[in-house]
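To keep things clear, I will list the structure first and then write my remarks on it.
Numbering (our numbering), first residue to last: 3 to 331.
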């Protein structure tokens, strides 16, 4: 970034006590990246590579693929338990290994291998939540906006943008209208961690636009807003579509969970029997209700377009928990 706006941004950040310089702005480059993918029951799911957290969504899909969710049934305690534990394992690995690949060796290939998923899956007790979640040995609020667009030729754009926390850093560069983000909050302060805080380095990143294909043809263009809810939302939406045969809007309307460091948050409306069953397996739970379901810390906000691979007909769906709409012409 060069020119007057870049100079204003650098000068303003330094006035606020920051370290970013005009040289840092000029040295920045944006890269065309190869997406990463995995096959989930015949559907190829595509995500952004590290330092984004898309690998967590794909690893969770690989883990849960070994369980017969369709037989367990939608919105049952068994299905919730296996999805939650798979997501917890995937997050443990993402938080341990994901970093700027230009600065650290990120073992993406190993994390996405079916053999690795098999070893992680073996840690799941069908009747008991893990008290601690170890990371795997792979070597030998919500200010996000998401847009899904598909044209008549089947070309798709999955686009997501965020400044991370509410109003990002809370700082606006004078005379520009540019709000500075606070993505640096996702660096680790452990100097030995691959995602350790350092200059000229990308932090662990939450935003992950996604696509899915069947037989190399577009099947889904989708995304879920909501920080660490994003890979969890991807896991649950894909499972709803593939395992339970839901249509796009049903897949977004279905009740969700969100795994946090402290507990598992569940959505109001979940059967009391399912809630009691999950707690009996050792899950610490709480319920999020009403307006707060779509707020920061809630269940995210999804937008989705599904393309019928045989007819090319497009079906759009929009998140019921927050603003958004599906439009076709």
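Note that beta-carbon positions come from the ideal geometry of N, C-alpha and C, so glycine has one too. These numbers come from a predicted model, not from an experiment.
Pairwise C-beta distances place the stretch 209–218 out of contact with the stretch 104–122, as fewer than three of them are shorter than 8 Å. For residue 225, the uninterrupted beta strand (DSSP E) segment begins and ends at 219–227.
Under DSSP, the beta-bridge partners assigned to residue 161 are 149.
By the Cβ neighbour-count rule, residue 18 is exposed, with fewer than 16 other Cβ atoms within 10 Å of its own. Between the stretch 92–110 and the stretch 48–55 there are three or more inter-stretch CB-CB distances shorter than 8 Å, so the stretches are counted as touching. When DSSP states are grouped into helix, strand and coil, residue 244 belongs to the helix group. The beta carbons of residue 267 and residue 283 sit about 16 Å from each other, so the pair does not count as a contact at 8 Å.
Looking at the DSSP output, residue 48 shares a beta bridge with 39 and 213.
Contact between the stretch 155–163 and the stretch 175–187 is absent: fewer than three C-beta pairs spanning the two stretches fall below 8 Å. Taking all protein chains shown into account, residue 278 has fewer than 16 neighbouring C-beta atoms within 10 Å of its C-beta and is therefore exposed.
The C-alpha of residue 275 is placed about 17 Å away from the C-alpha of residue 128.
Here the alpha carbons of residue 229 and residue 13 stand approximately 29 Å from one another. One Cα belongs to residue 66, the other to residue 78, and the distance between them is close to 15 Å. The alpha carbon of residue 262 has as its nearest neighbour, out of 91, 6 and 34, the alpha carbon of 91.
Here residue 266 is bridged, per DSSP, to 261 and 287. Judged by pairs of C-beta atoms under 8 Å, the stretch 184–198 does not touch the stretch 232–246, as fewer than three such pairs exist. Ranking 259, 4 and 182 by CA distance to the CA of residue 20 puts 182 first. The residue from 207, 110 and 11 with its alpha-carbon nearest to that of residue 25 is 11. Residue pairing from DSSP places residue 180 in a beta bridge opposite 175. Annotation for residue 60: no beta strand (DSSP E) segment contains it, though the alpha helix (DSSP H) segment containing it runs 56–66. Take residue 50, set aside five residues on each side of it, and the residues of its chain with a beta-carbon closer than 6 Å to its own are 56 and 210, in chain order. Residues of the same chain with a CB within less than 7 Å of the CB of residue 205, apart from the 5 flanking positions on each side, are 53, 185, 186, 188, 189 and 197 in chain order.
Cβ-Cβ distances below 6 Å link residue 146 to 164 and 227 in the same chain, with the five nearest sequence neighbours on each side left out; the list follows chain order. Relative to residue 328, the option among 290, 244, 152 and 299 whose CA is nearest is 152. Looking at the backbone, the Cα of residue 295 and that of residue 256 are separated by about 12 Å.
Residue 4 has its alpha-carbon roughly 51 Å from the corresponding atom of residue 285. With respect to the C-alpha of residue 135, the residue from 89, 100, 232 and 170 having the closest C-alpha is 89. Sorting 245, 297, 310 and 299 by C-alpha distance to the C-alpha of residue 74 places 245 at the top. In the three-state DSSP reduction, residue 316 falls in the strand class (E or B).
Note on residue 84: 16 or more other CB atoms within 10 angstroms of its CB, so buried under the neighbour-count rule. Residue 232 sits away from residue 62, with the two beta carbons spaced by 9 Å or more.
Between residue 38 and residue 121 the beta-carbon gap is near 19 Å, outside 8 Å, which marks them as no contact.
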